[in-house]
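For the sequence shown, full-length UniProt numbering gives the first residue as 1, with consecutive numbering after it.
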Amino acid sequence: MEKTVEIMEKNRIADLFAGWEETLIWSCLQDCMGRAFADSVENPRSAQILVGDFCFFAGRPSESLVRNKPDDRESNFVIMVPSSEEWAHVIEKAYQGCSKKIKRYAIKKEPDVFDKDKLENIVKNCPKGFSLRRIDEEVYRHAMENPWSADLCSQFKDYEDYRERGLGTAAFDGHILAAGASSYTVYRGGIEIEVDTRRDYRRKGLALCCAAQLILDCLERGLYPSWDAHNPASVALSEKLGYHFEKEYTAYEVFGFTGKEEGQL
């Protein structure tokens, strides 16, 4: 297979991802988060961007890049997003039997779409018995201790990194962390929103309240709160907050992201 090299100067692959309205890609290209790889440093024709649980491919399809797993990545799960049918075929071939083709839902990026009064009203009507808290160090520790809530803060090196660059809101039932909305990733001028609710606290409107407060905090700081939906329920939640659905796109949940070919030890 072709060689794979890490790209430190992200401008070398920027043209391959031109026009792709995805904030996680921007996070990497702007050197805020993530790592990038390509088939060449000097003249890249194929590129891979890996940020959090997401992996994006652009340029000429390359099996080497599809199979490329950074040495420091522990998880064998990743969501791969192809930029073309050709890339999709390479992903399907490389991970046959350990991947699932899914649809995700892109949400329009409209900076002036939010109604602050509506968002403030949502926060004001938080369900009785629950309290909203900014994600400070104590809440950060709570979130990181639980698998269901770890993604709220997991892309930051530690709390100091989160305090400096991230922001979020959590809902508590007494001392129990019930839901949260936070910056999954950051880029210049905005964040990508992550929303999670503990299973036994779902369908109470907590995610809506947390997300509304997070959006208000973003607007106050001059940040854009980007939203990308995993399922139709997430689309519906976003629309209650003022967002508008844009389009479906294909992605692959890969459960065998080992960086090795089948049969290789």
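For each residue, glycine too, the CB sits at the ideal point set by N, CA and C. Just so it is clear, the structure is predicted and the values come from calculations on it, not from any experiment.
Looking only at DSSP bridge pairs, what is residue i linked to?
i: Q48; result: F37, F57
i: D228; result: A106
i: E248; result: Y105
i: K100; result: E253
i: T169; result: R134, A181
i: Y187; result: G190
i: I79; result: F54, E253
i: E42; result: Beta-bridge pairing links E42 to no other residue.
i: V5; result: A38
Using the beta-carbon count (16 or more within 10 Å), is residue i buried or exposed?
i: Q264; result: Any reading at Q264 must be qualified, since the residue scores a pLDDT of 34, below 50, and its modelled position is unreliable; the value itself is stated next. Classification for Q264: exposed.
i: E192; result: buried
i: S75; result: exposed
i: M8; result: exposed
i: N68; result: buried
i: D200; result: exposed
i: E194; result: buried
i: D39; result: buried
i: Q96; result: exposed
i: S238; result: buried
i: D228; result: buried
i: V139; result: buried
i: residue 309; result: Because the chain in this structure spans residues 1 to 265, residue 309 falls outside the shown range and cannot be described.
i: S131; result: exposed
i: G190; result: buried
i: A236; result: exposed
i: D161; result: exposed
i: D196; result: buried
i: I107; result: buried
If you follow the alpha helix (DSSP H) that residue i is part of, which residue opens it and which one closes it?
i: E165; result: Per the sequence shown, residue 165 should be read as Arg rather than Glu. R165 -> alpha helix (DSSP H) spans 159-165.
i: A233; result: 232-240
i: L24; result: 23-29
i: S62; result: It is not in any alpha helix (DSSP H) - S62 carries neither H nor E in the DSSP assignment.
i: D117; result: 116-124
i: V90; result: 85-94
Note down, in chain order, each residue of its chain lying with its Cβ closer than 6 angstroms to the Cβ of residue i, except the 5 sequence neighbours on either side.
i: F56; result: I25, I49, V81
i: T23; result: Y187, E192, S226
i: K204; result: P127
i: E262; result: Bear in mind that the predicted position of E262 carries a pLDDT of just 42, short of 50, making it unreliable; the figure below should be weighed with that in mind. Around E262: no qualifying Cβ.
i: A58; result: L16, F17, A47, S83
i: K100; result: E253
i: V90; result: P61, E63, V66
i: E86; result: P61
DSSP state of residue i, grouped into three classes?
i: M144; result: helix
i: Y201; result: helix
i: E220; result: helix
i: I176; result: strand
i: V139; result: helix
i: Q264; result: Note that Q264 scores 34 on pLDDT, short of 50, meaning its location in the model is unreliable; the coordinates nonetheless yield the value given after this. Note: Q264 maps to coil in three-state DSSP.
i: A14; result: helix
i: C210; result: helix
i: F112; result: Reading off the sequence shown, one finds Asp at residue 112, where the question assumed Phe. Reduced to three states, the DSSP call for D112 is coil.
i: D151; result: helix
i: T258; result: coil
Could you give the first and the last residue of the continuous beta strand (DSSP E) run that contains residue i?
i: D196; result: 190-197
So, for residue i: in the same chain, excluding its five sequence neighbours on each side, which residues have a beta-carbon less than 7 angstroms away from its beta-carbon?
i: R60; result: R45, S46
i: M33; result: S27, V51, Q155, T185, V186
i: K10; result: C28, L29, D31, A36
i: I13; result: I7, A36, A38, P44, A47
Which same chain residues end up closer than 8 angstroms to residue i when comparing Cβ atoms and leaving out the 5 residues on each side of it in sequence?
i: A150; result: A143, M144
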